[in-house]
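Per my numbering, the sequence shown starts with residue 277, numbered consecutively.
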Amino acid sequence: MVNGESVEKACAEVGEYGDEQMVSEFDRFFHAQPSICDFIVELTHESSQKIQELSLFLSYMVFKTIEVEETPHRDAVGPEDIEAAYHNTELWMTRVSEAEGVELQSAIAASLEKDTEPYLLQYIISELNEPMEDGAALNDEEKGEVFFVLKTVISTLTAEPRRRIIEID
C-alpha cells in the first residue's frame, strides 16, 4: 500500500518541475506504461480535452507516487491486467450506484475504507474537487468519468506484478 508520505513527496517533486521536465516525465511515463496510456486515450477519446489531459496527468501522478514508494523497477502492465482491473472497477461502480442517498455515501465510505490504496484514492478525490487551471469546476459526470479511469489505473499499477485481479472486496 502506498502511504500518505509518498503521495506528498510525489506532489512536491512534480510541483518543482518546469515545463521541459514535465514533458520529459510524461515521455518517460508513456514509454514505461504504454498500455496504461493507450487505455486512457481509448477510454476518454470521446471526452473533452480537459478530461483526457486530467486523466493522463492524474495517472502520471499515480505512476510517480508508486515510483516514489517502491524502489524496484515496475514492469509495464499488459492489456489483460488493465482489462481485469477495468472489470473490477465496473463491478465496484455498479455496486456503489445501486445505493441511494445516505446509503450511497455510506457505501462509498465503506468501500474506500476497504480499498487497498486509500491514500491514492483520497488524492484523486481531492484533485477532482479542485477547480481546473482555468478556474472551472468539473461537473459530477466528469468527476465520475475521471474517477473510473483512475480507480482502474490504481488497481492495475498497484496489483502484484503479473497477477490478474480476480474479484473485488
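C-beta atoms are modelled at their ideal positions from N, C-alpha and C, and glycine is treated no differently.
Looking at the structure shown, is residue i part of a helix, part of a strand, or coil, going by DSSP?
i	result
residue 294	coil
residue 309	coil
residue 438	Interpretation of residue 438 is limited by its pLDDT of 47, a score under 50 that renders its predicted location unreliable; no figure is taken from the coordinates.
residue 335	helix
residue 286	helix
residue 374	coil
residue 357	helix
residue 414	coil
residue 407	coil
residue 324	coil
residue 369	helix
What separation, rounded to the nearest whole angstrom, lies between the Cα atoms of residue i and residue j?
i	j	result
residue 407	residue 344	26 Å
residue 423	residue 325	16 Å
residue 300	residue 313	15 Å
residue 412	residue 405	11 Å
residue 303	residue 310	10 Å
residue 395	residue 410	26 Å
residue 290	residue 283	11 Å
residue 421	residue 399	16 Å
residue 281	residue 308	23 Å
residue 370	residue 363	11 Å
residue 319	residue 425	8 Å
residue 397	residue 279	11 Å
residue 306	residue 331	13 Å
residue 246	residue 287	With the chain covering 277 to 445 only, the question about residue 246 has no answer from this structure.
residue 323	residue 329	10 Å
To the nearest whole angstrom, what separates the beta carbons of residue i and residue j, a pair I think is in contact under 8 Å?
i	j	result
residue 358	residue 335	Not a contact, Cβ separation roughly 11 Å.
residue 427	residue 365	5 Å
residue 372	residue 429	Actually they do not touch by this definition, with Cβ atoms about 18 Å apart.
Less than 8 Å between the C-beta atoms of residue i and residue j, yes or no?
i	j	result
residue 393	residue 277	yes
residue 353	residue 434	no
Should residue i be flagged as near chain B, meaning a C-beta pair shorter than 8 Å?
i	result
residue 298	Looking at the structure shown, chain B is missing, and only one protein chain is on hand.
Exercise. Any contact of the segment 414-422 with the segment 290-309, i.e. 3+ C-beta pairs under 8 Å?
Worked result: no
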